[in-house]
Amino acid sequence: MLILPSAPSLRPRLGLGPSSSRARGVALRALPGRLELWHPRLAAVESGPPSSQSSAPPPQLSSELLGGMSGLDAGFGGGGGGGDGGGDADLGWVRVFPHVLTASMANFLFGYHIGVMNGPIEDIARELGFQGNPFLQGLVVSIFIVGAFFGSLGSSALVDYLGCKRTLQIDSIPLILGAFISAQAHSLDEMLLGRFLVGIGIGVNTVLVPIYISEVAPTKYRGTLGTLCQIGTCLGIIAALSLGIPSESDPHWWRTMLYAACVPGFFIVVGMQFAVESPRWLAKVGRLDDARKVVENIWGVAEAEKAMEEMKSVVANDDSQASWSELLAEPHNRVALIGGSLFFLQQFAGINGVLYFSSLTFRDVGITSGILASLYVGITNFGGALVASNLMDKQGRKNLLIGSYLGMAFAMFLIVFSISFPLDEGVGHTLSVTGTLLYIFTFALGAGPVTGIIIPELSSARTRSKVMGFSFTVHWICNFVVGLYFLELVKLFGVGAVYAGFGGVSLLSALFAYNFIVETKGRSLEEIEMSLSPAAPGERK
Numbered sequence: 001m002l003i004l005p006s007a008p009s010l011r012p013r014l015g016l017g018p019s020s021s022r023a024r025g026v027a028l029r030a031l032p033g034r035l036e037l038w039h040p041r042l043a044a045v046e047s048g049p050p051s052s053q054s055s056a057p058p059p060q061l062s063s064e065l066l067g068g069m070s071g072l073d074a075g076f077g078g079g080g081g082g083g084d085g086g087g088d089a090d091l092g093w094v095r096v097f098p099h100v101l102t103a104s105m106a107n108f109l110f111g112y113h114i115g116v117m118n119g120p121i122e123d124i125a126r127e128l129g130f131q132g133n134p135f136l137q138g139l140v141v142s143i144f145i146v147g148a149f150f151g152s153l154g155s156s157a158l159v160d161y162l163g164c165k166r167t168l169q170i171d172s173i174p175l176i177l178g179a180f181i182s183a184q185a186h187s188l189d190e191m192l193l194g195r196f197l198v199g200i201g202i203g204v205n206t207v208l209v210p211i212y213i214s215e216v217a218p219t220k221y222r223g224t225l226g227t228l229c230q231i232g233t234c235l236g237i238i239a240a241l242s243l244g245i246p247s248e249s250d251p252h253w254w255r256t257m258l259y260a261a262c263v264p265g266f267f268i269v270v271g272m273q274f275a276v277e278s279p280r281w282l283a284k285v286g287r288l289d290d291a292r293k294v295v296e297n298i299w300g301v302a303e304a305e306k307a308m309e310e311m312k313s314v315v316a317n318d319d320s321q322a323s324w325s326e327l328l329a330e331p332h333n334r335v336a337l338i339g340g341s342l343f344f345l346q347q348f349a350g351i352n353g354v355l356y357f358s359s360l361t362f363r364d365v366g367i368t369s370g371i372l373a374s375l376y377v378g379i380t381n382f383g384g385a386l387v388a389s390n391l392m393d394k395q396g397r398k399n400l401l402i403g404s405y406l407g408m409a410f411a412m413f414l415i416v417f418s419i420s421f422p423l424d425e426g427v428g429h430t431l432s433v434t435g436t437l438l439y440i441f442t443f444a445l446g447a448g449p450v451t452g453i454i455i456p457e458l459s460s461a462r463t464r465s466k467v468m469g470f471s472f473t474v475h476w477i478c479n480f481v482v483g484l485y486f487l488e489l490v491k492l493f494g495v496g497a498v499y500a501g502f503g504g505v506s507l508l509s510a511l512f513a514y515n516f517i518v519e520t521k522g523r524s525l526e527e528i529e530m531s532l533s534p535a536a537p538g539e540r541k
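Position 138 of the sequence shown, counted from 1, bears residue number 138 in the UniProt record's numbering, the numbering being contiguous throughout.
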């Protein structure tokens with residue numbers, strides 16, 4: 001049983017105690033129909049001066065933003081950063097969609113490589129000479145995670161130096177090469193090399209795509225467009241499982257499946273040639289004219305002036321590259337800790353264990369095909385992601401995250417009930433399947449998409465790639481550990497006890513989200529960054 005400290009016990013270590021809710025340098029001002037937070041540093045990017053009645057205390061909001069501020073969440077309105085209001089909003093969404101859709105092809109590849117080994121691993125083992133060796137079979141699957149770990153670590157250097165667009169194109173090389181080597185492999189070593197290269201490419205892309213979407217999307221639609229990462233992953237899994245159906249009768253079909261994995265990589269290379277570069281990255285490296293052109297192109301001319309003023313306010317006197325050591329300093333350490341914690345809790349809430357065990361659950365109700373069972377799971381995941389895309393910018397990130405983890409906990413306890421109490425066999429199996437699908441659906445509503453969306457939103461432009469790289473490194477480590485020990489824990493304690501542990505972690509995750517996550521919808525990345533920063537851009541050292 002995994003035992004974690006409760007969320008309130010984390011407050012003293014994070015400096016997020018209840019007393020921090022006293023707003024230092026922040027005031028509430030009345031606007032028509034709502035209350036809005038005002039901070040002296042935000043006044044610089046507004047069209048007019050603040051009210052003369054507003055005071056200007058020391059500009060510090062980092063601890064208040066990340067802890068003990070649930071009561072102020074409702075005050076986060078407004079939203080510069082493109083397309084948050086006015087007649088150009090819908091047009092801005094349409095303009096940016098092809099760019100983020102192209103980038104999300106990388107997540108399609110991620111999902112495809114997750115699902116591609118689901119069915120034909122036995123055929124691969126037989127043909128390459130390691131049949132009957134569960135360790136080597138597991139190595140073929142898990143070497144992908146090892147590659148992703150290294151890809152996540154190295155991603156920030158590429159993004160900071162080359163930008164999102166060029167990095168996505170260059171990163172397609174190991175994806176295409178790895179898939180090709182795996183497809184023509186005639187030995188275990190070749191297969192391992194190919195899977196490792198694919199893992200490196202996926203590790204970079206899982207960091208890069210959420211950053212790119214968050215930086216090019218209009219504020220009003222940033223959450224909705226951010227769910228394309230989850231939707232792309234779901235579609236990739238479904239595509240791999242659907243394409244894998246012939247492998248049940250053709251032992252060599254796995255080569256066709258792996259050759260097919262090369263195709264999306266070429267689409268990414270070509271498609272990103274016509275996509276825009278992130279305007280935030282362009283502004284950060286001093287290419288302000290290019291950044292303005294991109295903003296006018298994808299958000300509309302009406303949004304350009306305000307957006308550029310906000311971008312310049314956070315990049316002024318800040319043209320040097322961030323180092324990893326900056327994640328140890330305020331306020332970046334809190335964002336990095338929250339990002340790592342979100343992925344830690346996501347993985348130990350049991351998503352990969354449930355996915356692994358789902359085929360056995362479906363077998364109990366007569367669905368003997370592992371691929372068909374996984375398809376049901378994939379379609380449920382996709383349905384949840386579609387619902388999340390509709391709710392993300394309406395209900396907000398925090399509400400979806402809390403509701404998602406509460407739903408996952410309920411689903412886990414429902415399965416535990418069906419296993420632990422004497423029920424009619426048919427009823428027990430039905431409850432198990434219902435709990436499994438409910439868990440997958442509620443995961444796709446929040447725990448899956450929100451985690452990748454909110455971390456780049458909370459991160460500063462300077463350290464965004466570093467925070468995302470660190471957070472996804474934690475993700476891959478936890479992913480590997482859960483996959484390594486899940487079956488051992490099931491053998492020692494039984495499925496019911498392990499699933500009860502997953503349910504407990506899900507409840508803890510909901511509590512963590514309630515206490516330490518604030519709402520970011522409707523606020524531009526620059527607004528969030530200026531609120532977090534303990535000093536004005538010109539005062540940074």
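Backbone N, C-alpha and C fix where the C-beta goes; we use that ideal spot for every residue, glycine too. Since this is a predicted model, take the numbers as computed values, not measurements.
Within 10 Å of its beta-carbon, does residue i have 16 or more other beta-carbons around it, so buried, or fewer, so exposed?
i	result
residue 263	exposed
residue 378	buried
residue 362	buried
residue 305	exposed
residue 624	The structure shown does not extend to residue 624, since the chain is modelled only from 1 to 541, so the question has no answer here.
residue 344	buried
residue 491	exposed
residue 484	exposed
residue 221	buried
residue 273	exposed
Are the Cβ atoms of residue i and residue j separated by less than 8 Å?
i	j	result
residue 496	residue 442	no
residue 532	residue 460	yes
residue 387	residue 423	no
residue 469	residue 155	yes
residue 140	residue 124	yes
residue 233	residue 399	no
residue 199	residue 265	no
residue 565	residue 231	Residue coverage of the chain in this structure runs from 1 to 541, which leaves residue 565 outside it and unanswerable.
residue 294	residue 309	no
residue 482	residue 352	yes
residue 409	residue 506	yes
residue 269	residue 172	yes
residue 195	residue 144	yes
residue 517	residue 401	yes
residue 275	residue 102	yes
Can you give me the Cβ contacts of residue i inside the same chain, cut-off strictly under 6 Å, excluding the 5 residues immediately before and after it?
i	result
residue 440	377, 380, 381
residue 225	100, 213, 217
residue 130	136, 188
residue 339	455, 467, 471
residue 404	442, 445, 446, 447
residue 342	451
residue 148	199, 202, 203, 476
residue 435	411, 414, 415
residue 53	Unreliable placement is indicated for residue 53, whose pLDDT of 37 sits below 50; the coordinate value is still reported in the next sentence. If we look at residue 53 and ignore the five residues flanking it on each side, it has no Cβ neighbours.
residue 503	409, 412, 413
The alpha helix (DSSP H) spanning residue i covers which residue range?
i	result
residue 265	262-273
residue 281	279-284
residue 210	188-216
residue 141	134-183
residue 434	425-442
residue 238	228-243
residue 542	The shown model of the chain, from 1 to 541, leaves out residue 542, and the question about it has no answer.
residue 347	332-348
residue 462	First-last for residue 462: undefined, no H or E at that position.
residue 558	There is no way to answer for residue 558, as the model of the chain reaches only from 1 to 541.
So, at 8 Å on beta carbons, what are the nonlocal neighbours of residue i in its own chain, with the 5 sequence-adjacent residues on each side left out?
i	result
residue 47	With a pLDDT of only 39 at residue 47, under 50, the local geometry of the prediction cannot be trusted, and the value read off the model is given with reservation. These residues qualify, in order along the chain: 306.
residue 128	185, 186, 187, 188, 191
residue 235	108, 111, 382
Is residue i close to chain B, meaning its C-beta is less than 8 Å from at least one C-beta of that chain?
i	result
residue 253	This model lacks chain B altogether, as it is built from one protein chain only.
Leaving out the 5 sequence neighbours to the left and right, which residues in its chain are closer than 7 Å to residue i when beta-carbon positions are compared?
i	result
residue 355	377
residue 211	159, 164, 456, 464, 465, 468
residue 420	496
residue 521	223, 393, 396, 397
Query - Sufficient close CB pairs (3 or more, under 8 Å) joining the segment 129-146 to the segment 243-252 - result: Contact between the segment 129-146 and the segment 243-252 is absent, with fewer than three C-beta pairs closer than 8 Å.
Query - Touch test, the segment 283-291 against the segment 199-208, Cβ-Cβ under 8 Å, three pairs minimum - result: no
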